[in-house]
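Asks: Shown below is the structure under consideration.
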Amino acid sequence: MFIDGVELPEPYLPKRDTEMTDPADRCSTVDMEATKIESDEIFLMGDNRPQSFDSRMFGPIKKI
512 MFIDGVELPE PYLPKRDTEM TDPADRCSTV DMEATKIESD EIFLMGDNRP
562 QSFDSRMFGP IKKI
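Written out as structure tokens, the structure reads:
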């Protein structure tokens, strides 16, 4: 994860916590393209990263 071009250190993540664990999801969280979040958007990430259905799947959402 990068914020304003700076990589966010995440030492709390296990080394293998980089891909969805359910093969049916078929969604890698490692190869995600860079996504620019506009000032009127938010990017949601679940706290159970390997199993979360979040903005990595459906993209940023507009603020209301």
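In the numbering used here, each number is its position in the sequence shown, counted from 1, plus 511. Built from N, CA and C at the ideal position, the CB exists for glycine as well. Small disclaimer: the values here were computed from a predicted structure and weren't measured.
1. If you run the structure through DSSP and keep just helix, strand and coil, what is Phe513?
2. Quick check: what's the CA-CA separation for Gln562 versus Glu549?
3. Among Ala545, Tyr523 and Pro525, which residue has its Cα nearest to the Cα of Val517?
4. List the residues that DSSP assigns as beta-bridge partners of Ile548.
Replies: Working from what's here:
1. Along the sequence shown, one-based indexing puts residue 513 at 2. Phe513 falls in the strand class under three-state DSSP.
2. Looking up residue 562 in the sequence shown gives position 51. Looking up residue 549 in the sequence shown gives position 38. Each residue's alpha carbon lies about 26 Å from the other.
3. Here residue 517 refers to the residue found at position 6 when the sequence shown is read from its first residue. Comparing alpha-carbon positions, the option among Ala545, Tyr523 and Pro525 lying closest to Val517 turns out to be Ala545.
4. Position 37 of the sequence shown holds residue 548. For Ile548, which the question treats as bridged, DSSP gives no partner whatsoever.
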